[in-house]
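Here our numbering is used: the sequence shown runs in plain steps of one and ends on residue 332.
The beta-carbon is built from N, C-alpha and C at its ideal position, and this holds for glycine as well.
Small disclaimer: the values here were computed from a predicted structure and weren't measured.
Report on the following structure.
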Amino acid sequence: MMPDPISPPDTALNRATSIIDEALRTPASRPQVEAFFDEATYTVSYVVRDPASSACAIIDSVLDYDAASGRTSRRSADAVIAHVRDQGLEVVWQLETHAHADHLSAAPYLQAALGGRLAIGEHIVEVQETFGNLFNAGSDFARDGRQFDHLFADGEAFSIGALNAIALHAPGHTPACMAYVIGDAIFVGDTLFMPDYGTARCDFPGGDAATLFASIQRLLALPAEARVFLCHDYKAPGRDAFAWETTIGAQRRDNIHVHAGVSQAQFVALREARDRTLDMPRLILPSVQVNMRGGRLPEPEDNGVRYLKIPLDAV
């Protein structure tokens, strides 16, 4: 009988574990995290600060959008700007965990006000190809990620001041989802929700429940004490308050979809059955066609007005 093949070491995961362990050993080096919750889209944005300097990153920002009127506003982003300026911070990164389907990104507005390099995972090019075709964006829309200043590869290290950080590819919800490990904090985007709510849907183009299960298992292999910061919360039944911070240990023990002992087959069956019951996100069509452009709105037409497309009978 042939022996089972030995899986190659997960170098990126090992590096992420080392970063978390080092931060846990040195509490003064743990990042300071300020959350900004937008109840209209149930989205949490973060300012992540190096306690040893003024350097910070902004993660998953929100541009307010009223679908009925087609009007944008900057209330949520202005709150982030006020905090950064009040604290005397220097923005070095504007990070997106993925091309969101439930809110518009305010990254270009924040970048103009505060600076910082705009970054996302390198697989954004797959999302751009899929949705560029859906919206018939034409040859003027580049599908190579150039709308972003940097495209992270899996396992790519970066820093925020003295804070060590690493990007981990976490596909399944979308092909381009990333988790950012910054010190002892992990920003998981839509991959995981609070343990009492479960996990992200997988029925968007390029999503896949088995792939999401593998991504989650990879994250759950990180140290139990690591802090986990979520991109959304919808208040699980029986919970009265919004919440967006948990730990890897709590996810392993209590996540209603992927706690310890749940097999891939069980998860896929549960996730696919649940996804069949879900409506499409209210802002998916405006959100994706803006976010695939790095948060930039479409260029004005010859009358000076910008337009978002709504494909009929196509989604």
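Quick check on this structure: which residue in the options has the alpha carbon closest to the alpha carbon of residue i?
i	options	result
G10	S35, Y324 and A331	No information on residue 10 is available, as it lies outside the stretch 18 to 332 that the chain covers here.
I273	W261, A260, P68 and L287	L287
F259	R42, R270, Q268 and F246	F246
V97	H117, D83 and C73	C73
D103	F284, T216 and E51	E51
R310	R160, R47 and T58	R160
A33	G255, L236 and G266	L236
P298	Y63, A84, L41 and D77	A84
R375	D250, E242, G162 and R313	No information on residue 375 is available, as it lies outside the stretch 18 to 332 that the chain covers here.
Q281	L314, C248, R313 and S232	S232
Let me confirm a value: residue i is counted as buried when at least 16 other C-beta atoms fall within 10 Å, else exposed. Which label applies?
i	result
N308	buried
I23	exposed
A99	exposed
E333	The structure shown has nothing for residue 333, since the chain only spans 18 to 332.
I327	exposed
M195	buried
L329	exposed
S90	exposed
L209	buried
G321	exposed
L180	buried
S156	exposed
Assign residue i to one of three DSSP states: helix, strand, or coil.
i	result
T140	Strictly speaking, residue 140 in this sequence is His, with Thr absent from that position. The answer is coil: DSSP assigns H140 none of H, G, I, E or B.
T89	strand
A196	strand
V79	coil
S62	strand
D416	Shown here, the chain extends from 18 to 332; a query on residue 416 therefore has no answer.
I419	Residue 419 lies beyond the stretch modelled for the chain, which goes from 18 to 332, so this question has no answer here.
S176	strand
A74	strand
L209	strand
V305	helix
I203	strand
T97	What sits at residue 97 in the sequence shown is Val, not Thr. Reduced to three states, the DSSP call for V97 is helix.
Would you check if the distance between the CB atom of residue i and the CB atom of residue j is smaller than 8 Å?
i	j	result
H120	V79	yes
A253	D213	yes
G223	T114	no
G133	V108	yes
V65	I199	yes
A69	G178	yes
D81	P240	no
I75	Q49	no
A187	V205	yes
V275	T191	no
Under 8 Å between C-beta atoms, does residue i make it to chain D?
i	result
P317	Structure shown: chain D not included; a single protein chain is present.
Enumerate, from N- to C-terminal direction, the unbroken alpha helix (DSSP H) stretches of 4 or more residues contained entirely within the stretch 217-284.
Listed in chain order, they are 226-237 and 265-271.
Which parts of the stretch 99-167 are runs of the beta strand (DSSP E), unbroken and 3 residues or longer, counting only runs that do not cross its ends?
For the stretch 99-167, the full-length beta strand (DSSP E) segments reaching 3 residues or more read 107-112 and 134-138 along the chain.
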